[in-house]
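There are 2 protein chains.
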Amino acid sequence: MGRVILEHAILPVVPGREAEFESAFAEARAIIAGMPGFVDLTLSRSIETPNEYLLLVHWERLEDHDPGFRGSPEYARWRELLHGFYEPFPVVEHFREVA
Amino acid sequence: MGRVILEHAILPVVPGREAEFESAFAEARAIIAGMPGFVDLTLSRSIETPNEYLLLVHWERLEDHDPGFRGSPEYARWRELLHGFYEPFPVVEHFREVA
Numbered sequence: 002m003g004r005v006i007l008e009h010a011i012l013p014v015v016p017g018r019e020a021e022f023e024s025a026f027a028e029a030r031a032i033i034a035g036m037p038g039f040v041d042l043t044l045s046r047s048i049e050t051p052n053e054y055l056l057l058v059h060w061e062r063l064e065d066h067d068p069g070f071r072g073s074p075e076y077a078r079w080r081e082l083l084h085g086f087y088e089p090f091p092v093v094e095h096f097r098e099v100a
Numbered sequence: 002m003g004r005v006i007l008e009h010a011i012l013p014v015v016p017g018r019e020a021e022f023e024s025a026f027a028e029a030r031a032i033i034a035g036m037p038g039f040v041d042l043t044l045s046r047s048i049e050t051p052n053e054y055l056l057l058v059h060w061e062r063l064e065d066h067d068p069g070f071r072g073s074p075e076y077a078r079w080r081e082l083l084h085g086f087y088e089p090f091p092v093v094e095h096f097r098e099v100a
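Quick mapping for you: the protein sequence lines, in order, are chains L and A.
With the numbering used here applied, the first sequence corresponds to residues 2 to 100, in that order.
With the numbering used here applied, the second sequence corresponds to residues 2 to 100, in that order.
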């Protein structure tokens, strides 16, 4: 696990659309989970700011996320399901676990 | 695991002090790991912004982190070891995993 890549994004969902987002995310999860290099994913909801979600995805290699997933036909469907819920659009960063 | 609390902080370390911070963190890790309600911890380093670290700590309950850990004598030592590395001071948030 020490070498895997952690994709990190805080997802600001338009207030009032949280339940709809969670339902769309349940469908989108299956898309990303089938991609090469996908390891695991968690979606968590902020306690202090309930319209904010934390997306954490482990990938085997940075390239599995980008250009792998982001350049795939599956990403078009992911985007279609989810991107309309975000305001503003999230910043995605990648991290590597410190030994 | 679905009910545990995830403490989340992006830690901006003064550039050039990353190795010293990682060494101090290795000592600080033992302090937090001994606290009641502590589940696990990961520290990861940003690929895009190498002086930024992502701290993720799972707690059994929100109260185990605050006031539990934050109100403890052990927190004084944690603060002494780590807080001098941060600029600006990090924002800490709590999340709960979406089922």
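Positions of the beta carbon are idealized from the N, C-alpha and C atoms, including for glycine.
These numbers were taken from a predicted model, which means no experiment stands behind them.
Relative to the C-alpha of residue i, which candidate in the options has its C-alpha closest?
i             : options                      : result
P91 (chain L) : L:S47, L:V5, L:L12 and L:A27 : L:L12
P74 (chain L) : L:G35, L:G17 and L:A27       : L:G35
R30 (chain A) : A:A20, A:R18 and A:L44       : A:L44
Roughly how many angstroms lie between the CA atoms of residue i and residue j, to the nearest whole one?
i             : j             : result
V58 (chain A) : I32 (chain L) : 28 angstroms
T50 (chain L) : G69 (chain A) : 22 angstroms
R71 (chain L) : A77 (chain L) : 8 angstroms
E19 (chain A) : G85 (chain A) : 12 angstroms
Y87 (chain A) : Y87 (chain L) : 29 angstroms
P16 (chain A) : D67 (chain L) : 27 angstroms
E21 (chain A) : I48 (chain L) : 32 angstroms
M54 (chain A) : E81 (chain A) : Strictly speaking, residue 54 (chain A) in this sequence is Tyr, with Met absent from that position. Near 18 angstroms, if we compare the C-alpha coordinates of E81 (chain A) and Y54 (chain A).
E28 (chain L) : E28 (chain A) : 42 angstroms
Is residue j closer than 8 angstroms to residue i when the C-beta atoms are compared?
i             : j             : result
F96 (chain L) : R46 (chain A) : yes
N52 (chain A) : V93 (chain A) : no
E8 (chain A)  : W79 (chain A) : no
E23 (chain A) : V5 (chain L)  : no
So, under 8 angstroms CB-CB, residue i and residue j are touching, yes? Tell me the CB distance rounded to an integer number of Å.
i             : j             : result
P89 (chain L) : D65 (chain L) : Between D65 (chain L) and P89 (chain L) the Cβ distance is about 26 angstroms, and since that is not below 8 angstroms, they are no contact.
L63 (chain L) : F26 (chain L) : Not a contact, Cβ separation roughly 23 angstroms.
A10 (chain A) : L56 (chain A) : 5 angstroms
Could you name the residues of the region 39-73 of chain L whose beta carbon sits closer than 9 angstroms to any beta carbon of chain A, in the order they occur along the chain?
Residues of the region 39-73 of chain L whose Cβ lies closer than 9 angstroms to any Cβ of chain A, in chain order: T43, L44, S45, R46, S47, I48, E49, T50, E53, Y54, L55, L57 and L63.
Residues of the region 69-100 of chain A with a CB closer than 7 angstroms to any CB of chain L: list them in chain order, please.
Taking 7 angstroms as the Cβ-Cβ cut-off against chain L, the residues of the region 69-100 of chain A that qualify are E94, H95, F96, R97, E98 and V99.
Anything in the region 26-40 of chain L with a Cβ closer than 7 angstroms to a Cβ of chain A? List those residues in chain order, please.
Answer set for the region 26-40 of chain L: empty.
By the 7 angstroms beta-carbon criterion, what residues does the region 4-24 of chain L contribute toward chain A?
Residues of the region 4-24 of chain L whose Cβ lies closer than 7 angstroms to any Cβ of chain A, in chain order: L7, H9 and E23.
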